[in-house]
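Notes to accompany the following structure.
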Amino acid sequence: MRHLLACTAIAPVLAALTVAEAAAETTISTATTTAVRTSTVASGAADDITISSAGSITVTGGAAVTVDSNNDVSNAGTITINDADAVTAILAAPGTTGDITNSGTITLTEDYTAEDEDDDDDTDGAFAEGSGKNGISVQSGAAHVGNIVQSGTITIEGNESAGIRLDGALTGNLSNSGTISVTGDNSYGIVANDVTGNVTVQGAVTAVGGNSVGVALLGDVTGAVKIQGSIVSTGYRYTTRPSDTTDLDGDDLLQAGSAVVIAGNVSAGVIFDVPPTASDDDDEDDTDIDDDGLTDSSEGTASVVTYGSAAAVQVGAADIDTVIGSVATDSSGYGLVINGSIAGYGIYDGVAANGLVVGGLGGAVDIASGILVDGTVAAVSYDSDATALRLGSGASTGTIEVNGTVGATGSASTGTAARGLVIDAGASVDSIVVSGTVGAVALDDEDGTAIAILDASGTVSRLSNSGAIGATGGLTNTAIDLRANSSGVTLTQALADADASAPAITGDIYLGSGNDIVTVSAGTITGDLSLGAGNDNLSLSGTSSLTGDVTFGTGDATLTLADSAAITGGVDFGGGSGTLTLGGTSSLSGAISNSSGIAVVLNGGTLNATNTGSVGLASLSASGTSTIGVTIDAATGTHTVYDVTGAASFASGSQVKVNLTQVAGSEGDYVIVRAGALNGTPSLDTDTLLPYMFKGSLASDTGAGTVTLSVAAKSVSELGLSGSLARAYSAIFNALDNDSDIANAYLGITDGSTLTANLRQMLPDHAGGTFEAVTAGSRATARILSDPNGIYRTRDGRLGFWLQQVAFGSAKSVGSTASYDINGWGAGGGVEYLTDLGAFGGSLAYIHGSDSSGNSNNAVDSDQYELAAHWRGQWGPLLAFARLSAAAINFAGTRHFENGDVTRTANGSWNGRLYSATAGASYQFQMGRLSLRPAVGLDYYRLKEDGYAETGGGDAFNLTVLGRNSDEATASGTITAGYDFGALKREDGWLRVELEGGRRQIIGGSLGDTIAYFKGGDQFTLVAEDRTNGWTGRARLYGGTDTFRIGGEFGAEEQQNHVAISFRATVNFVL
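The sequence shown lines up with residues 141 to 1211 when you count with our numbering.
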């Protein structure tokens, strides 16, 4: 009762306040415009303040709620201050105690809106006009004791403002799981000094404006810093680059501060985390399986982004040293753990991008044990520098471990670089471990630079890779640069486990002046490897490979290859002493230099020196399963000579591999080994170790200490060539060096079937396919004249006409020339007029034919335009006809050369003329519905083709082909059996089936020879095979009335030991 009376007495003063005895707090549950203080809120007495979800405080200036006593403040409602400067929603005075909680809405905005003042369709002006606005603020002075929990929404519009500002120290936890949005220059989403407790940032924090920062922890944190939400900082008006940036002004391109700044000590480490993933072993009732003090269902994913040149995350300060302790909740023991994502985006021209930067400001930064990246750290610029993860001067840690991705993309201009992981001079890192990806991509291959890993400090002594390290896209692409190291580096590459993907390094590798050890047991290295000065050791084993040049320094060199490991590239041994050991089926193929002090032991594998001249060795020992390679350069008249100061020994079974740099001029005798003492002679397997087009032999002179190689070209019979391939081989052989890629493709052939397939690609059309294509179409269109039922006339019996479509196809096997597959179609029509001397008429047809080689991708297409005149006479059952035709033909030929990566295409076009004369006669015996019709025919075809010169294939593939003439005369005899269905009177509807059989015999003519030559070469002549005779058969079906008829014919003919087919469809009607 006493409390009720007191409330009634002060009702006129605090009408909106309700005192609840049970909660021991003052609750604001309605709208009020009066600011409140904890020290006086309860009728002049101190009390906790709660603004319920139905309550609100709207004031015009100052602080809406002030904590000036040891009481809690909780806002679940709304606090609003509009269009006023130097205002605060919740203000805590120094030295107070109490929790501050916001689960509601704090809005400190203004009526200002930027506009397009110069009418360029781009908004102009500042982001905000007001200043000094804070959502939750702790004043400087004595520490405030209590937790600050922000799970609601804070929206600020104003310069020099903050969503949460702790100018004084906080003894308690600072946490955000809500949304904070601050718009204005020189502002913060969250800014804090010393915090005795944990700092947890979930939800979303956004800071927009020049020099504005998302989250700034400027003091020491005795607990852990846990980032598990979205934090964004930008000074850009547009974070997506417009297609046209010319209208953008300076106020559109302001540079913000970092999304996250950690400038003080953090005792329990810094983690950018993600929600935990439950395993089968976890207790399903456990709501915090990662034991980080947060309910798993409430945890988010760290996503930290800065649009602009500032680092997305900056750790360290300019004037004080920073120490980051181990993250207690992570098993690695590292002080900085990134499980989420950190990214910097430059977006616009000339703006660099930075992801995570540790140190480099002046003060030292020590991170316990190491930095772990299980998530992503990235930097992307439009054309400038981009650095994903950098340790600046003064930064130190034990290990940088990348299980996720560290990547940078940028550098499109001179003097810029895209860099993945960088350790500056003055920093310190013991080792780098990569099981994920570290990459750099430059955006210009003429001016750009890509560097995946750079240690300028010289402190990294160990680097292991079981993932991917790569630098691509630039003029220079460096995967690993450890040149600053002078104490020696151990670089290893191996499988992470038996089921893991093979690791890879792409880009050049540079090591320092110490004694370096490089061990590669799996995966690939693609790029040059420079080991620097010192006594260096390089070993490859398993299925690993290195594609690039290897350079040893001035110290001793040890190179070992085992199993099936391979190096493809030159090796410079630096001029010192050392050993080269190969075993298994391993191989080294490249130029060998500065090797006179190297003792070579081949326990297996292949040592293939691709350079000519002297290859100095201290000694050479080749086992029975090993191979040495030599290179012969006929253009310079030089070849590889192994000059062995000491002894050279070749066990039985050791072999020599021969590399030729060109085709012509490679024949001869070559001394390939010159030794102080010689024991044994290697052998030469000409089927596998010498280009197939050549043969060779080896001879030793132990007295002189020499091994001599003799090389000669094989003859066409030794190559097993015949027919067209044999005729053209010499011309092809002499033309190959006109194109070094084609020549090398042939020199890489080690078997006859591959050689034959490649040679066939070099031949022009010559097997008769074009003749077959154009004549088959013409014969199909002419066949209607031999058909008594083929043409209808007008009612007066004088005028006849027809429309027809034809199709045809045939094939030929290789034989002694080449195979072909013919297919084509045509359409045409004709008319005739009946006179007392018979019917005279003409026809027009278009025919398209395709002649493709069955054993290569070569093809010839033809477009044929034929005009014909004919005579037909019919006297009862006797039918006779004659036909003359002429056709203009456009030919388009394409030849393709394909051998691995070497491809060429030659195109040719030429014209032709086809002339024909055809005559025939038949007599039909009608026996009711059944009829028999014997027939005879003669035809003659002559094709004249112009010459042509190919283009597009290069000097070793293009051919010049001379014109050719082909002709053929044939006689045929057939007999046709027919049967009429339906009515015998045509006006009543009729249907007729006919089956025809016979033979077509060639009685004269021949296919023309094909004469061709390569550029600067001799002519060669290809002789076509004789065309063959064959049986013929056809089936026809007709039907119609006395005014309309439709019919079709299917034909088969024996040709070139294959069956050629044809189809003809006709339509007739009476006008």
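Glycine residues also receive a C-beta, built at the ideal position from the N, C-alpha and C atoms. Here the structure is a predicted model, which means the values were calculated and not measured.
- The C-beta distance from residue 784 to residue 757 rounds to 5 Å, short enough to fall under 8 Å.
- Beta-bridge partners assigned by DSSP to residue 835: 852.
- Here the segment 1040 to 1054 makes no contact with the segment 1012 to 1021; the two share fewer than three CB pairs at distances below 8 Å.
- Residue 582 is a Cβ neighbour of residue 590, given a cutoff of 7 Å.
- A distance below 7 Å separates the beta carbons of residue 400 and residue 355.
- If you check the CB distance, residue 1086 and residue 1000 do not come in under 7 Å.
- In the three-state scheme derived from DSSP, where H, G and I count as helix and E and B as strand, residue 842 is classed as coil.
- When C-alpha distances from residue 597 are compared across 603, 557, 534, the shortest belongs to 534.
- About 5 Å separates the CB atoms of residue 781 and residue 754; that is less than 8 Å, so the two are in contact.
- Linking residue 625 to residue 468 through their CA atoms gives a straight-line distance of about 33 Å.
- C-alpha of residue 375 to C-alpha of residue 277: approximately 24 Å in a straight line.
- Taking the Cα of residue 976 as reference, the smallest distance to any Cα among 938, 946, 986, 991 is reached at 938.
- Collapsing the DSSP output to three states places residue 435 in coil.
- Beyond the five residues adjoining it in sequence on each side, residue 1103 comes within less than 7 Å, by CB distance, of 1085, 1086, 1087 in the same chain, given in chain order.
- Measuring C-alpha to C-alpha distances from residue 601 to each of 1055, 658, 357, 679 identifies 658 as the nearest.
- Using a Cβ-Cβ distance cut-off of 8 Å, the segment 296 to 310 and the segment 259 to 278 are in contact, since at least three pairs of beta carbons, one from each stretch, lie closer than that value.
- In the DSSP assignment, residue 873 falls within the alpha helix (DSSP H) that extends over 863 to 875.
- In this structure, the alpha-carbon of residue 694 lies about 47 Å from that of residue 1093.
- DSSP places residue 676 in the strand class (E or B) of the three-state scheme.
- Of the residues assessed, residue 1197 falls on the exposed side of the cut-off, its CB having fewer than 16 other CB atoms within 10 angstroms.
- In the DSSP annotation of this structure, the continuous segment of the alpha helix (DSSP H) that includes residue 898 starts and ends at 892 to 901.
- Residues 220, 295 of the same chain have their beta carbon placed closer than 6 Å to that of residue 247, with the five preceding and five following residues left out of the count.
- Counted as a single uninterrupted DSSP element, the stretch harbouring residue 1044 is not any alpha helix (DSSP H) but the beta strand (DSSP E) occupying residues 1042 to 1063.
- Around the CB of residue 454, 16 or more other CB atoms lie within 10 Å, so the residue is classed as buried.
- When secondary structure is reduced to three states using DSSP, residue 979 falls in the strand class.
- Nearest in C-alpha terms to residue 308, of all of 319, 373, 284, 291, is 284.
- Under the Cβ criterion (8 Å, minimum of three pairs), the segment 205 to 222 does not count as touching the segment 252 to 259.
- In this model, residue 986 and residue 962 are separated by some 17 Å (Cα to Cα).
- With contacts defined by Cβ atoms closer than 7 Å, residue 864 and residue 850 do not form a contacting pair.
- The criterion of a C-beta distance shorter than 7 Å is satisfied by residue 464 and residue 507.
- Residue 623: not part of any beta strand (DSSP E); DSSP gives it neither H nor E.
- Contact check for residue 667 and residue 642: beta-carbon distance about 16 Å, past the 8 Å limit, so the pair fails to qualify.
- Just measuring C-alpha positions, the residue of 167, 1051, 950, 868 sitting nearest residue 1160 is 868.
- Between residue 991 and residue 913, the C-beta spacing is below 7 Å.
- Beta bridge pairing from DSSP links residue 1036 with 1045.
- DSSP places residue 887 inside the alpha helix (DSSP H), whose first and last residues are 880 to 887.
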